[in-house]
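The next block holds one structure in the form of structure tokens; read it before the comments.
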Amino acid sequence: MELINHFKDFSNVSIFLAYNVNVDALKYLADLSDIEELKENFSDSEIKMKIEEYPRTIEKPIDFVARLIHAMKSGKPAEVPLKNNLEIDTFLNSLNYNEERIGGQVGIISNLLSILNLKKIIFYSPILAKKQAEMFENNENLVFPTITNGKLVLKKPIESFKNDELKINRIFEYKEDIEFYLQNEKITTPQSNRFIVASRPENLRIEIKDELKSHLPEVGKLIDCAIISGVQAIKEEYSDGKTAEYYLNQVKEDIKLLKKENKDLKVHFEFASIQNTEMRKKIAESILPEVDCVGMDETEIANIIHVLGYEELSEGILKYSKIEDVLKASKILLEKYNLEGMQVHTMYYIMYLCKKGGILSDESLEKTLEFATVLASTKAALGQISCIDDLKTGLKIPHNKHGELLKEIVENISKEKELGGYKIILVPSRIVENPKSTVGLGDTISAGAFVGYVSELKKLKNK
Ligand code: AMP
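For the sequence shown, counting from 1, position 393 maps to 414 in this note's numbering; every step adds exactly one.
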């Protein structure tokens with residue numbers, strides 16, 4: 022309880038979040054019959070061939086089934102963009118979904134931070150349809166920026182929506198140990214996870230509209246930190262000729278404008294799965310130099326390192342999940358982009374790598390990660406966090422059984438010469454055996470750890 026009380030009060034922190042809010046339609050795949058239903062219109066050989074082909078966008082129902090089965094076989098989280106057309110839209114709409122709720126990193130993190138009682142959460146999304154606006158917490162601390170008569174006005178989401186197109190992601194959550202056959206190959210899901218078909222409406226541009234853009238330095242003065250996410254939705258090219266470079270430059274500019282009159286502003290970049298390797302590289306190279314902290318899961322860090330030329334290290338991480346390799350990759354990114362902190366979360370741990378010399382103690386950093394694991398275990402157990410009291414559920418879940426060993430490994434690695442100048446803090450995860458949902462767990466971990474970090478920094482500075 023001491024831990025929860027320590028973080029109960031984030032009221033010293035104000036934050037800005039951009040750019041992605043959507044609706045998530047969830048379908049739970051619990052047993053063989055759920056898989057059979059999705060497979061029934063295709064032959065196994067057809068599916069197998071498509072899996073080999075590995076489509077990087079979903080344009081036809083067969084692409085969807087192939088990528089879903091591929092993901093289920095690995096048990097790793099995956100997200101693949103949808104290319105809208107009548108056939109695939111009709112197919113996806115015909116499936117029965119179990120639930121609809123707020124999605125997108127900004128949507129998920131906004132509601133979480135609102136419940137954690139931050140002083141102010143200013144969230145931005147280029148589109149805000151009524152259905153999305155209604156899914157936000159209706160709290161005084163959660164606001165959307167608009168410009169009225171040339172002035173910045175912060176209003177509740179429910180007072181801010183427009184007649185915008187709805188972005189809806191379909192999420193397929195599967196359980197561990199589902200068994201099925203593809204021809205004569207027996208597939209067993211190694212763990213519960215999710216597969217996301219991400220919608221990418223042509224009219225949705227990842228940017229801050231001009232009117233608000235000129236007020237970003239003013240927004241920057243109202244906040245202590247910002248989380249940038251959703252850039253994975255940027256396309257290489259748009260029908261009007263605008264390109265990924267154009268939008269990535271806009272994002273860089275937005276970060277600079279936010280920092281313009283607030284030099285202490287901390288900016289965190291939340292990664293996501295980016296299928297297109299060229300885009301992944303462009304995003305890393307343009308955004309990472311502009312931010313202070315980054316949050317990634319194991320697959321994401323392996324994929325980034327891959328496009329930066331470290332293929333062997335990347336494959337090692339994906340195959341063996343060794344902490345040593347994850348640390349090597351973290352160090353590469355920290356140095357290359359001059360980051361203040363790298364946070365990596367895997368099924369078994371959450372870890373920080375930062376340079377020695379920061380003002381926060383190891384204990385203080387460890388507390389922020391511990392808090393983040395409690396947020397994740399709570400959300401995994403309950404499906405969502407509705408109030409601070411819910412966190413007692415997560416706190417009751419013990420660290421996973423590899424925890425002690427993981428800590429020992431890190432202690433030993435810390436002594437190595439190459440890591441002499443770095444602080445490594447690892448906290449084991451609290452794994453929920455039958456999670457209600459795994460969507461947004463990584464975002465929850467990253468947001469909790471980052472806001473905890475900023476809150477601790479502020480407490481120290483104001484002493
Ligand atoms: P991401 O892949 O970025 O969404 O992050 C998922 C993270 O959530 C993992 O790295 C774990 O730390 C955490 N997580 C996943 N499944 C569970 C679970 N069943 N119980 C608790 N934490 C989980």
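The beta carbon of each residue, even a glycine, is placed where N, CA and C say it ideally should be.
Is it right to say residue i is buried, meaning 16 or more other beta carbons lie within 10 angstroms of its own, or is it exposed?
i: residue 408; result: exposed
i: residue 367; result: buried
i: residue 514; result: Here the chain has residues from 22 to 484 only, and residue 514 is not among them.
i: residue 126; result: buried
i: residue 156; result: buried
i: residue 351; result: buried
i: residue 71; result: buried
i: residue 43; result: buried
i: residue 346; result: buried
i: residue 149; result: buried
i: residue 64; result: exposed
i: residue 107; result: exposed
i: residue 111; result: exposed
i: residue 377; result: exposed
Suppose the cutoff is 8 Å on Cβ atoms and the five residues either side in sequence are ignored; what does the same chain contact list for residue i look like?
i: residue 209; result: 198, 199 and 200
i: residue 418; result: 398, 402, 451, 452 and 453
i: residue 269; result: 252, 255, 303, 304, 307 and 308
Could you round the C-beta distance between residue i and residue j to whole angstroms and report it? I think they count as a contact, below 8 Å.
i: residue 168; j: residue 67; result: Not quite, the Cβ-Cβ distance comes to about 52 Å (not below 8 Å), so this is no contact.
i: residue 162; j: residue 135; result: 6 Å
i: residue 50; j: residue 194; result: 7 Å
i: residue 45; j: residue 121; result: 7 Å
i: residue 154; j: residue 130; result: Rounded, the Cβ-Cβ distance is 16 Å, inconsistent with contact.
i: residue 237; j: residue 279; result: 5 Å
i: residue 192; j: residue 220; result: The Cβ separation is near 11 Å, so there is no contact.
i: residue 173; j: residue 240; result: 7 Å
Ordered along the chain, which non-local residues of its own chain (more than five positions away) have a Cβ less than 7 Å from that of residue i?
i: residue 361; result: 313, 314 and 375
i: residue 482; result: none
i: residue 31; result: 137, 138, 139, 472 and 476
i: residue 390; result: 371, 373, 446, 448 and 470
Using a Cβ-Cβ cut-off of 6 Å (strictly less than) and excluding sequence neighbours within five positions of residue i, which residues of its own chain qualify?
i: residue 395; result: 412, 415 and 416
i: residue 160; result: 135
i: residue 266; result: none
i: residue 327; result: 335
i: residue 358; result: 309 and 310
i: residue 344; result: 430
i: residue 423; result: 369
i: residue 320; result: 97
i: residue 404; result: 457 and 458
Is residue i near the ligand HEM, with its Cβ less than 7 Å from a heavy atom?
i: residue 128; result: With respect to the ligand HEM, the structure shown offers nothing to examine, as its ligands consist of the ligand AMP.
Unbroken stretches of the alpha helix (DSSP H), 4 residues or longer, contained in the stretch 245 to 327 | Entirely contained in the stretch 245 to 327, the alpha helix (DSSP H) runs reaching 4 residues are, in chain order, 265 to 281 and 298 to 308.
Which runs of the alpha helix (DSSP H) fall wholly inside the stretch 131 to 194 and span at least 4 residues, in chain order?
-> 151 to 154, all fully within the stretch 131 to 194.
Jot down the residue ranges of each uninterrupted beta strand (DSSP E) in the stretch 393 to 476, minimum 3 residues, whole runs only, in chain order.
-> Secondary structure in the stretch 393 to 476: the beta strand (DSSP E) runs of 3 residues or longer, each lying completely within the stretch, are 443 to 449 in chain order.
At what residue ranges does the stretch 60 to 121 contain a whole run of the beta strand (DSSP E), taking only runs of 3 or more?
-> 99 to 102
Can you give, in chain order, each stretch of the beta strand (DSSP E) that sits fully within the stretch 202 to 233 and has at least 3 residues?
-> Listed in chain order, the complete beta strand (DSSP E) runs (minimum 3 residues) inside the stretch 202 to 233 are 206 to 209 and 214 to 219.
Below 8 Å, can you find three or more Cβ-Cβ pairs linking the stretch 251 to 259 to the stretch 286 to 301?
-> yes
Are the stretch 44 to 57 and the stretch 77 to 85 touching by the rule of at least three beta carbon pairs closer than 8 Å?
-> No, the stretch 44 to 57 does not touch the stretch 77 to 85.
Decide yes or no for the touch test of the stretch 439 to 449 against the stretch 209 to 224: beta carbon pairs closer than 8 Å, at least 3 of them.
-> no
Kindly confirm or deny that the stretch 315 to 329 and the stretch 457 to 469 touch, where touching means at least three C-beta pairs closer than 8 Å.
-> yes
Give a yes or no on contact between the stretch 69 to 78 and the stretch 299 to 306, applying the rule of three or more CB pairs nearer than 8 Å.
-> No, because fewer than three Cβ pairs between the stretch 69 to 78 and the stretch 299 to 306 fall closer than 8 Å, the two stretches do not touch.
Which ranges does the beta strand (DSSP E) cover as unbroken runs of at least 3 residues, wholly within the stretch 322 to 380, from first to last along the chain?
-> 362 to 366 and 370 to 376
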